[in-house]
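**Student:** Just passing along the structure, written as structure tokens.
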Amino acid sequence: MIYLLFKIVFTEMALILTLLFRNPLRKFVIMGLDRLKRGRGPLVAKSVGATVLVVLCSAVYSAMEIQRRAREGGAINPTEEVLMANLLLQASLMGFSLFLAVMMDRLHSYIKRKQILEEVINPNKQHNQ
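Add 9 to a position in the sequence shown, counting from 1, and you land on the number used in our numbering.
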């Protein structure tokens, strides 16, 4: 699962960098995000986001339980240390992916608003975005 989370985070980072800077791929990314936001796309995105949030809360709760047992018992055995590190890595990657998804959504909406405003202000001028 960690490899999947790393792939998601790096893919979202690449899409955000594509949206931030003007390049040939930006237009295609914007068109792809436009298509994803039609129909059932928002419902699917919200349900996946909610599922990831529940799994994130579960990982944080499990890490807190291990930490609580360590405080009560005095020491952590090596198995619990490995589990704690794994849970913290999973939780941080899930949190990063949720944050990057929100950032990507906001960037897309700001770019679309900017394009609409530019078309209203200068209807005869063509834009290369």
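In this text, a Cβ means the ideal position worked out from N, Cα and C, and glycines have one as well. It should be emphasised that the depicted structure is a prediction, and the values quoted were computed from it without experimental measurement.
At which residues does the alpha helix (DSSP H) containing residue 44 begin and terminate?
**Tutor:** Mapped onto the sequence shown, residue 44 falls at position 35. Taken as a continuous stretch (DSSP letters only), the alpha helix (DSSP H) holding residue 44 covers 33-45.
**Student:** Can you list, in chain order, the residues of its chain whose CB lies under 6 Å from that of residue 75, leaving out five sequence neighbours each side?
**Tutor:** Working through the sequence shown from its first residue, we reach residue 75 at position 66. Correct list, in chain order: 89 and 93.
**Student:** Can you list, in chain order, the residues of its chain with a C-beta nearer than 8 Å to that of residue 39? Leave out the 5 residues immediately preceding and following it.
**Tutor:** Here residue 39 is taken as the residue at index 30 of the sequence shown, counted from 1. Here the set comprises 28, 117, 120, 121 and 138.
**Student:** May I ask you to report which of helix, strand or coil DSSP gives residue 10?
**Tutor:** Residue mapping note: residue 10 aligns to position 1 of the sequence shown, counting from 1. Reduced to three states, the DSSP call for residue 10 is coil.
**Student:** Around the Cβ of residue 42, are there at least 16 other Cβ atoms within 10 angstroms (buried) or fewer (exposed)?
**Tutor:** Translated into the one-based positions of the sequence shown, residue 42 becomes position 33. Buried is the call here.
**Student:** Specify the secondary structure class of residue 83 as computed by DSSP and reduced to three states.
**Tutor:** By 1-based counting over the sequence shown, the position of residue 83 is 74. Residue 83 falls in the coil class under three-state DSSP.
**Student:** For my contact list, residue 100 and residue 54 are in at a C-beta cut-off of 8 Å; report their separation, rounded to the angstrom.
**Tutor:** Taking the sequence shown and counting its residues from 1, the one referred to as residue 100 is at position 91. Taking the sequence shown and counting its residues from 1, the one referred to as residue 54 is at position 45. That pair is no contact at about 21 Å.
**Student:** Is residue 48 helix, strand or coil by DSSP?
**Tutor:** The residue labelled residue 48 in the question sits at position 39 within the sequence shown. In this structure, residue 48 counts as coil in the three-state DSSP scheme.
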